[in-house]
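Accompanying notes for the structure given below.
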Amino acid sequence: MPRINHIFMVLLTGLMMSFYFHPTELRALPGYNTKIMLAVFGVAMLIYNIIRTKDYSLSKGLLYSFMIAGAFSFVNYISLIINESDDYSYANYPISALTWIMGAYGAISFIRWTHSKVTVELVVRYLAGGAAFHCILSQLIDRDDSIRNFVTSIFYIADSMEEMQRLYSFGVGLDPSGVRFAVILVLIAGVLTLSKIVKKNIGLMIFYFLCFAIISVLGNIISRTTTVGMGLGLFVFAISTGLYKFVIKVSRIKIMRVFGIMLAIGIPIVVYYYNVNPSFQDQIEYGFEGFFSLFESGEFQTSSTDELSTMWVWPQDTQTWLIGSGLFLSKSSDFTYFSDIGYCRFIFYSGLIGFTVFGLYFVYNAIHFATRYPRYRYIFFLMIVVTFVVWSKVATDIFQLYALFYAFTDEEELYASLDEEEDTKQLEPIEEESNPALMPQA
1 MPRINHIFMV LLTGLMMSFY FHPTELRALP GYNTKIMLAV FGVAMLIYNI IRTKDYSLSK
61 GLLYSFMIAG AFSFVNYISL IINESDDYSY ANYPISALTW IMGAYGAISF IRWTHSKVTV
121 ELVVRYLAGG AAFHCILSQL IDRDDSIRNF VTSIFYIADS MEEMQRLYSF GVGLDPSGVR
181 FAVILVLIAG VLTLSKIVKK NIGLMIFYFL CFAIISVLGN IISRTTTVGM GLGLFVFAIS
241 TGLYKFVIKV SRIKIMRVFG IMLAIGIPIV VYYYNVNPSF QDQIEYGFEG FFSLFESGEF
301 QTSSTDELST MWVWPQDTQT WLIGSGLFLS KSSDFTYFSD IGYCRFIFYS GLIGFTVFGL
361 YFVYNAIHFA TRYPRYRYIF FLMIVVTFVV WSKVATDIFQ LYALFYAFTD EEELYASLDE
421 EEDTKQLEPI EEESNPALMP QA
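The numbering used here puts the first residue of the sequence shown at 1, with every later residue one more than the last.
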């Protein structure tokens with residue numbers, strides 16, 4: 001492929017991955033977000049591949065995942081019936097999961113067309129680049145009215161974003177984006193320290209370090225939930241390099257050199273800009289309010305933690321504890337017990353039974369991919385930590401990440417599990433002969 005065509009495909013693929021992982025709504029097509037559009041495209045691709053390959057097999061891992069999602073939906077419907085509620089927030093969760101799967105199917109197709117293969121590292125590369133782009137764009141939108149007007153003329157941006165004076169990009173803003181940033185930061189730390197491809201490529205090292213720094217700093221300004229991923233990412237880096245022992249492993253010397261150079265350049269730039277730009281100073285103090293509070297008073301405290309401390313509300317009767325009230329504690333359903341906290345909202349919706357099934361759902365997905373990709377198993381285990389930590393702040397989930405990996409073919413899973421080492425060159429090139437997301441397990 002000529003270089004200019006490849007560059008175009010890389011940019012297009014990056015946009016499609018952003019449309020998938022950070023869904024937004026185009027003003028030209030009101031009522032349809034980009035995730036749904038990609039899902040429609042994914043369905044068309046799936047039908048085409050089924051007709052072409054006559055492969056109707058279904059991944060056992062995906063089947064079991066849908067079975068657990070179905071069980072969660074069943075419990076939710078029982079709660080709605082018992083409580084005579086019409087709050088269907090999570091009652092149709094399998095449909096939501098299926099939409100993510102089909103959207104991932106469509107997004108992964110673009111990676112396959114651009115690179116003739118799909119790997120864990122390639123997926124993370126696009127997620128990292130896209131997140132860093134959105135973080136930078138949020139700053140440009142905040143500082144330049146012409147850029148803001150251009151973006152808002154193409155994409156729908158909720159009026160509440162301007163009213164709350166929070167930074168945003170198209171499809172990016174508030175806590176859900178912070179959760180996605182957290183996931184991406186953990187993935188970046190994983191490929192930086194575990195991928196053999198990255199270890200051999202200084203350019204990729206620099207790219208990932210830059211993305212990690214940009215998302216950690218600017219992402220926290222967008223949503224402080226990003227701190228969860230930053231902390232876990234640094235933990236992965238410290239453990240894998242031996243830095244926590246103050247002894248650097250010989251095999252990690254190259255990556256530590258790059259890390260040191262990036263710190264030597266990056267820290268002075270941030271400090272300088274913090275001191276000369278009052279707006280950026282306010283943003284940094286907001287994004288890292290907890291750390292400033294810890295330094296000044298010895299206590300990690302933010303306005304968000306103070307507000308969340310008032311939202312820990314629990315059921316007052318046994319039935320609600322067991323099967324819930326059928327209400328998701330949204331302002332529209334029950335303002336009296338409104339809460340942002342995921343644990344409270346899930347338990348009030350379908351009780352401990354529903355919450356347990358939903359928690360098991362994410363534990364299963366993480367363990368499944370930890371088994372499929374043993375090189376990255378610790379990263380998938382950390383996704384369990386991300387899930388249960390962010391539920392202490394917001395009710396959301398990270399299935400869109402797992403959906404991307406469910407869209408791999410058998411051959412692509414093999415490439416990814418071997419980290420695209422020389423051994424894989426003996427394998428036949430990937431030509432989409434099996435159906436992504438509808439394939440037998442090896």
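Where is the CB? At the ideal position from N, CA and C, for every residue including glycine.
The C-alpha of Lys199 lies about 12 Å from the C-alpha of Phe207. Contact between Asp340 and Met311 holds: their C-beta atoms lie close to 6 Å from each other, under 8 Å. DSSP places Thr53 in the uninterrupted alpha helix (DSSP H) bounded by 34 to 53. Counting other Cβ atoms within 10 Å of its Cβ, Val357 reaches 16 or more and is therefore classed as buried. Leu352 places its beta carbon 7 Å or farther from that of Trp391. For Asn92, there is no enclosing alpha helix (DSSP H), as DSSP gives it neither H nor E.
The C-beta distance from Gly14 to Gly106 rounds to 14 Å, too long to fall under 8 Å, and the pair is not in contact. One alpha carbon belongs to Pro278, the other to Thr227, and they sit about 23 Å apart.
In this structure, Thr396 places its C-beta atom within 7 Å of the C-beta atom of Pro176.
Excluding residues up to 5 positions away in sequence, Leu140, Ile141 lie with their Cβ nearer than 7 Å to the Cβ of Ile147 in the same chain. As for any beta strand (DSSP E) of minimum length 3 sitting wholly inside the stretch 358 to 389, there is none. A direct Cα-Cα distance of roughly 14 Å separates Gln400 from Val363. When secondary structure is reduced to three states using DSSP, Leu58 falls in the coil class, being assigned neither helix nor strand. For Phe155, the three-state secondary structure derived from DSSP is strand. Using a Cβ-Cβ distance cut-off of 8 Å, the stretch 154 to 170 and the stretch 181 to 198 are not in contact, since fewer than three pairs of beta carbons, one from each stretch, lie closer than that value. Under the DSSP assignment, Trp321 falls in the alpha helix (DSSP H) whose first and last residues are 318 to 323. Within the stretch 155 to 226, the complete alpha helix (DSSP H) segments of 4 residues or longer fall at 159 to 163, 174 to 194, 196 to 199, 202 to 222, listed in chain order. By DSSP's assignment, Glu25 forms a beta bridge with Asn33. In this structure Ser350 does not touch Asn92 by the C-beta definition: roughly 13 Å separates them, more than the 8 Å allowed. Within the same chain, Cβ atoms closer than 8 Å to the Cβ of Phe110 are found at Met9, Leu12, Thr13, Met16, Met17, the five residues on either side in sequence being excluded.
In this structure, the CA atom of Thr318 is about 15 Å from the CA atom of Cys344. Using a Cβ distance threshold of 7 Å, Asn83 and Ser325 count as a contacting pair. Take the alpha-carbon of Phe280 and the one of Ile269: they are about 12 Å apart.
Shown here for Ala69: same chain residues with a beta carbon closer than 8 Å to its own, the five before and five after excluded, namely Tyr93, Pro94, Ala97, Tyr361 in chain order. Ile108 is positioned such that its CB atom lies closer than 7 Å to that of Val118. Note that the C-beta distance between Met161 and Gly178 is not below 7 Å. For the pair Phe170 and Leu26, the Cα-to-Cα distance works out to about 9 Å. If you draw a straight line from the Cα of Thr409 to the Cα of Gly31, it comes to about 32 Å. For Met311, the three-state secondary structure derived from DSSP is coil.
When the beta-carbon positions are compared, Ala189 and Val258 stay at least 7 Å from each other. For Trp391, the three-state secondary structure derived from DSSP is coil. Around the beta carbon of Glu121, 16 or more other beta carbons lie within 10 angstroms, which makes this residue buried. Boundaries of the alpha helix (DSSP H) around Asp142: 120 to 143. Put simply, the backbone Cα of Val394 is about 12 Å away from that of Arg180.
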